[in-house]
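> At the far end of the sequence shown sits residue 199, using my numbering, and the numbering has no gaps.
Yeah, the Cβ is synthetic: ideal placement off N, Cα and C, and Gly gets one too.
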Amino acid sequence: PTSAGSGLSPATPTTQAQPITEIARAATRTLTTGIAELDRVLGSGLVPGSVVLMAGEPGVGKSTLLLEVASQWAGGSGTDTGTDTGVGSRKALYVTAEESAAQVRGRAERTGALKDTLYLVAESNLDVVMGHVNQVKPSLLIVDSVQTMHAPGVEGVAGGVAQSRAVTAALTTLAKTTNLPVLLVGHVTKDGNVAG
Numbered sequence: 004p005t006s007a008g009s010g011l012s013p014a015t016p017t018t019q020a021q022p023i024t025e026i027a028r029a030a031t032r033t034l035t036t037g038i039a040e041l042d043r044v045l046g047s048g049l050v051p052g053s054v055v056l057m058a059g060e061p062g063v064g065k066s067t068l069l070l071e072v073a074s075q076w077a078g079g080s081g082t083d084t085g086t087d088t089g090v091g092s093r094k095a096l097y098v099t100a101e102e103s104a105a106q107v108r109g110r111a112e113r114t115g116a117l118k119d120t121l122y123l124v125a126e127s128n129l130d131v132v133m134g135h136v137n138q139v140k141p142s143l144l145i146v147d148s149v150q151t152m153h154a155p156g157v158e159g160v161a162g163g164v165a166q167s168r169a170v171t172a173a174l175t176t177l178a179k180t181t182n183l184p185v186l187l188v189g190h191v192t193k194d195g196n197v198a199g
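1) Go ahead and pull the three-state DSSP assignment for Asp119.
2) Compute the Euclidean distance between the alpha carbons of Ser2 and Thr35, then round it to the nearest angstrom.
3) Based on Cα-Cα distance, which residue from Val170, Gly134 and Ile145 lies nearest to Ser74?
4) Going by C-alpha to C-alpha distance, which of Arg108, Gly163 and Thr180 sits closest to Thr67?
5) Which same chain residues end up closer than 7 Å to Glu101 when comparing Cβ atoms and leaving out the 5 residues on each side of it in sequence?
6) Report the CB separation of Ala95 from Pro141 in whole angstroms; it is logged as a contact under 8 Å.
7) Name, in chain order, the residues that DSSP records as bridge partners for Leu59.
8) Whole-angstrom Cβ separation of Val54 and Leu187, contact assumed at under 8 Å?
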């Protein structure tokens, strides 16, 4: 049978729909970033499994802000507003696809963002990034920027519509299936649209 008027065949669900009242409250807890103003904008912090796009023009400080978020996260100064989950042992993985690891390390030194549980990788291949996520097992992933990442096997150049969609879809699936909060950097074009 097809859905009324759509011409599509319904797929068999892999999970069951639940009454909203049966969804565990722990799934809605927020984790603070350690930066009060950012937490306020996010509605008290990051929800596990959420994907947040930080968009803006080049040079406005997106990378610097997210490096600070990664440092605060890894330093354990953020807190879990739901339950105690050993916040002091949180790991952040910062993926830079635009700058070298040495450039980011230099900025981290200048801003006091060096922490042992802040992991850094300079990589633009999405498959390799997924491998790093499996190795490090971070509790926060930052990708800087989505326009410079590429998904192998997808047509188009990094930053193009097909690549940006594929990268974003893969990172969203990762977040939803693992409860890993993901922060993405996105650049804005001269017309005010997110590039790609």
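If we stick to the structure as given:
1) It is coil, neither helix nor strand.
2) With the chain covering 4 to 199 only, the question about residue 2 has no answer from this structure.
3) Ile145
4) Arg108
5) Asp147, Ser148 and Thr151
6) 6 Å
7) Checking the sequence shown, residue 59 turns out to be Gly, not Leu. According to DSSP, Gly59 bridges with His190.
8) 7 Å
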